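Residue numbers (our numbering), protein chains in the order written: chain G, 1 to 500; chain D, 1 to 500.
All C-beta atoms, glycine included, are put in the ideal place defined by N, C-alpha and C.
Source: prediction; values computed, not measured.
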């Protein structure tokens, strides 16, 4: 067959695979946003069929032959096609190692576990969720064994989210965070100059919060023709293509900032997908590069921009307009200090910028114990509670606010959490370089973030998965990843905020 | 291969086909309920892939062989499996006649047309929609040619919705309706005893209307664990399985009954699907029998029960509780007369019970002209407006309220409309026999419709597609379909209502 014909078939194959991803993501999104509760078996059956069909597509002889030919003719391919062929060959070789029935069983088990996790979380009943969690852990162990029979199980799982990542690299990274942030947190806790946060609790009508969500999405420049906001128990972003991005939030009537910063966070994820190059539409590389790079973008918007003084000054008039009674006598500076309060707490997704990484550290240590030391599902809640006491000094009152708080494990995602801390550290380094070129104060003053979007699009967004995480950091910062920017940024910011 | 193994594979095949139906229905439902507008190309591409994959499944050699074996061993199969094999063989033989690229092109064209129809309807711009409509008509003509090369095109299309139906049978049915209802409508129009409907317009806050929707769904006994209500431009019902039924409505702040009766109508469709036998879960026969039988159930709940005096007496206290100012001085009898007002109007979905069938007649005559006489898309709006003037005496002010009002043609459904009138006539006959067994007055008095649901489940709902429309009518009424019940029911009801 002619090479051109093979390339054409290869592009068609990617479109097909994209379509299966689209429907599987839509099924999951639908389950979170509006499915009747009694429908979970039907969902589960359909997901099983779709993942089976998608799997068959990926291990077909025709497709294998296609990838072989393309990888033999690498030099003759354009850059995008070559990267697609390399990436998909690697993925194909990996998938071919996992028996089809295992893939189908995993999809079904994840869907079941997710269903029971929701019920268990609502009822504060870990026992209900436990057998499904145990099943997922066994599936993950088997999966790692198929993929990398001689490798370390947890390293293999880390690799699923951040290619090349090992515990050997992660351990010193987290040690460093622990070493520098724990004393800083202690100092902050002892500070006598704590911000007043009383005006952030009270009653904030949900209709008004919805207006605020729409306002910040507009400010950030989220294209509403291609992105919509819905409500779910656990906020997330999913994309069916760069022209169809869905973000979700959770409104709490007694809490203003939970939804506000959640929407900014998810909009950061959304913006990345919305700005991937048109050339990558329906390509296998038409998504954000890695979970940590993705998280670097959500955190960059949420914390580095969204919790900056200039941004708080920009949005505070709108906050005051929507909630005049609650904000009576409050000025922008008070708002800035309040949304940056650092206080050890229970819930990761609502943790402040300073203590956030310790929540991740706890999950990292738990996962290491599960996969390296065989920690039993029976003992997870106690271990969770012990670590929260040790690192954050907080008592976990119930499993709903403890081990049941995150959706990740229920979705079979082990090794995912560390990328949150890594991503946050990436963004500190990226911001350093962004600020050298873009006048962020001016953007906030004018309420126009086009310069930020354009710089990030050019350096990161548009490339999708064409470049690796490492290449993207070097492309953006002209140096290798350096976690020191992160601890330095936090030290500077919180020393100033708390007048230490 | 052993017959048992073939049966097992056959059931697996049906599950797979069900999964593809599920995702295609979900994509369409999602497009109507929450998709960002810019995502239509992605939707269209994914639908094309899914319909292509589903098609391939249906024409595969393996599946053909399965159906052949099963149909050769009919006598050895249980009733359900035999019916599945017969039905799917017939469908398979039909599908095999249509080239795959035609199926894919049709799915894509329907999705495009639907997208532009929505815009065109909003902008009152028929010209925008026209080329897409023309394309769909050509696709339908080609489709009918593939299916039934020697048959009449429009008869072939009618058959898609009501098996065995021909213009030869439909013409006298519509002639009868025209003959009996036109003089009745004229008499009603001349009556000096017209109901006061002033209290049905005004301002009805949407939050309150939502409460009313939930109230009537509960009254009817719709299982909310398996059925949810959303909002769309054009209300509809879709089901992904008997455990996942979705209905939609449209709230208008200035109109109370539009949403109220729309919800009852769609809940009637939903109830049918919710009550199909568990044995038929994920079977190819696990749905309502035909579109006309389906419509008989939505109309039965909407008009024959929902617009009865006893039902109005049941719900009026709730209406009064939700809208005390608007209903001041109004009594249940006034409400009953008002929701039964007969008045020639522009919009089919909001037409009253008496004039409804004439809206359908107009579409039937239009479709006959399109397919039998080659009426051009250029001339459709004028012909539409002419017929509305002739049969209903109304002037169509714009295409939004004229030819662009329905979603059906934009979805490629030609030959669908006649089943609305036929279904309504079915329900008159069914109600006659239901009332002989079930004390409907008592159900309304007690607000408990379990006896109605149970009787209908036993006679119709539980059978899904195991029985044909003809068999269901005979099963329920112990006689053949007789349209006289319909015209008699309307004559009795409206003679009494308008004191003619």
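Classification of residue i by the beta-carbon crowding that lies within 10 angstroms, buried from 16 upward
i                     : result
residue 280 (chain D) : buried
residue 75 (chain D)  : exposed
residue 121 (chain G) : buried
residue 242 (chain G) : buried
residue 209 (chain G) : buried
residue 172 (chain G) : exposed
residue 203 (chain G) : exposed
residue 162 (chain G) : buried
residue 360 (chain D) : buried
residue 386 (chain D) : exposed
residue 331 (chain G) : exposed
residue 3 (chain G)   : exposed
residue 464 (chain D) : buried
Close-in-space but distant-in-sequence residues of the same chain around residue i (CB under 6 Å, 5 per side omitted)
i                     : result
residue 407 (chain G) : 234
residue 277 (chain G) : 462
residue 367 (chain D) : 414
residue 400 (chain G) : 121 and 124
residue 377 (chain G) : 130, 133 and 134
residue 187 (chain D) : 500
residue 347 (chain G) : 405
residue 481 (chain D) : 473
Close beta carbons around residue i, own chain, < 8 Å, minus the five adjacent residues each side
i                     : result
residue 441 (chain G) : 310
residue 222 (chain G) : 267, 270, 271 and 274
residue 467 (chain G) : 289 and 475
Residue i vs residue j beta-carbon contact at 7 Å
i                     : j                     : result
residue 143 (chain D) : residue 132 (chain D) : no
residue 447 (chain D) : residue 314 (chain D) : yes
residue 505 (chain G) : residue 316 (chain G) : Residue 505 (chain G) is absent from the structure shown; chain G starts at 1 and stops at 500.
residue 425 (chain G) : residue 486 (chain G) : yes
residue 251 (chain G) : residue 302 (chain G) : no
residue 24 (chain D)  : residue 50 (chain D)  : yes
residue 95 (chain G)  : residue 85 (chain G)  : no
residue 22 (chain G)  : residue 240 (chain G) : yes
residue 427 (chain G) : residue 229 (chain G) : no
residue 329 (chain G) : residue 136 (chain G) : no
Cβ neighbours of residue i in the same chain (closer than 7 Å, five flanking residues each side left out)
i                     : result
residue 244 (chain G) : 226
residue 257 (chain D) : 200 and 339
residue 450 (chain G) : 221
residue 44 (chain D)  : 108, 111 and 112
residue 126 (chain G) : 120, 381, 399, 403 and 404
residue 206 (chain G) : 251 and 253
residue 232 (chain D) : 32, 33, 248 and 250
residue 483 (chain D) : 173, 176 and 425
To be precise: take each residue of the stretch 242-259 of chain G, compare its Cβ to all Cβ atoms of chain B, and keep it if any distance is under 9 Å. Which residues remain? The chain labelled as chain B is not found among the protein chains of the depicted structure, namely G and D.
Please specify which runs of the beta strand (DSSP E), each continuous and at least 3 residues long, are wholly inside the stretch 177-203 of chain D, giving them in chain order.
The beta strand (DSSP E) runs of length 3 or more contained entirely in the stretch 177-203 of chain D do not exist; there are none.
Which residues, in chain order, does the stretch 210-243 of chain G contribute to contact with chain D at a C-beta distance below 8 Å? Residues 223, 224, 225, 226, 227, 228, 230, 240, 241 and 243.
Original post:
Which runs of the beta strand (DSSP E) fall wholly inside the stretch 75-135 of chain G and span at least 3 residues, in chain order?
Top reply: Segments of the beta strand (DSSP E) lying fully in the stretch 75-135 of chain G: there are none.
### Query
What runs of the alpha helix (DSSP H), each 4 residues or longer, lie entirely inside the stretch 384-466 of chain D?
You should have 418-437, 440-446 and 450-459.
Which runs of the alpha helix (DSSP H) spanning at least 4 residues fall entirely within the stretch 9-72 of chain G, listed in chain order? Counting only runs of 4 or more, we get 40-59 and 61-72.
Discussion item. Counting only Cβ-Cβ distances shorter than 7 Å, please list the residues of the stretch 276-288 of chain D near chain G, keeping chain order.
Written reply: Within the stretch 276-288 of chain D, the qualifying residues are 282.
- Task: Scan the stretch 12-25 of chain D for residues whose Cβ lies nearer than 7 Å to a Cβ of chain G and list them as they occur along the chain.
- Result: Within the stretch 12-25 of chain D, 15, 16, 19, 22 and 23 place their CB atoms closer than 7 Å to a CB of chain G, listed in sequence order.
Inset, instruction - With 8 Å as the C-beta to C-beta threshold (strictly closer), list the residues of the stretch 332-365 of chain D near chain G in chain order. - result: Within the stretch 332-365 of chain D, no residue qualifies.
**Prompt:** Closer than 9 Å, Cβ to any Cβ of chain G: which residues of the stretch 33-49 of chain D, in chain order?
**Reply:** Listed by position along the chain: 33, 34, 35, 36, 37, 38, 39, 40, 41, 42, 43, 45, 46, 47, 48 and 49.
Short of 8 Å Cβ to Cβ, which residues in the stretch 459-490 of chain D face chain G?
Within the stretch 459-490 of chain D, no residue has a Cβ that lies closer than 8 Å to any Cβ of chain G.
Would you list, in chain order, the members of the stretch 76-108 of chain G that have their beta-carbon closer than 8 Å to a beta-carbon of chain D? Within the stretch 76-108 of chain G, no residue qualifies.
* the stretch 51-74 of chain G: which residues have C-beta closer than 8 Å to a C-beta of chain D, in chain order? -> Of all residues in the stretch 51-74 of chain G, those with a C-beta nearer than 8 Å to a C-beta of chain D are 53, reading in chain order.
To test your reading of the DSSP string, which unbroken alpha helix (DSSP H) runs of 4 or more residues are found completely within the stretch 244-325 of chain D?
For the stretch 244-325 of chain D, the continuous alpha helix (DSSP H) assignments of 4+ residues that do not extend past its boundaries occur at 256-274, 291-299 and 309-322, in sequence order.
- Item | Sequence ranges, beta strand (DSSP E) only - wholly within the stretch 131-174 of chain G, length at least 3 | At a cut-off of 3 residues, not a single continuous stretch assigned as beta strand (DSSP E) sits fully inside the stretch 131-174 of chain G.
Requested in this report: Return the residues of the stretch 376-410 of chain G that lie within a Cβ-Cβ distance of less than 8 Å from chain D, sorted by chain order.
Outcome: From the stretch 376-410 of chain G, no residue has a Cβ closer than 8 Å to chain D.
Please list, in chain order, the residues of the stretch 181-210 of chain D that have any C-beta partner in chain G closer than 7 Å.
Going along the stretch 181-210 of chain D in chain order, one finds no residue with a Cβ nearer than 7 Å to chain G.
Open item on the list: Tell me which residues of the stretch 115-131 of chain G have at least one Cβ-Cβ distance to chain D shorter than 7 Å, keeping chain order.
Closed with: Residues: none.
Requested in this report: Return the chain-ordered ranges of every alpha helix (DSSP H) run that is complete within the stretch 338-392 of chain D and spans a minimum of 4 residues.
Outcome: Secondary structure remark: continuous alpha helix (DSSP H) runs of at least 4 residues inside the stretch 338-392 of chain D, in chain order: 356-372 and 380-387.
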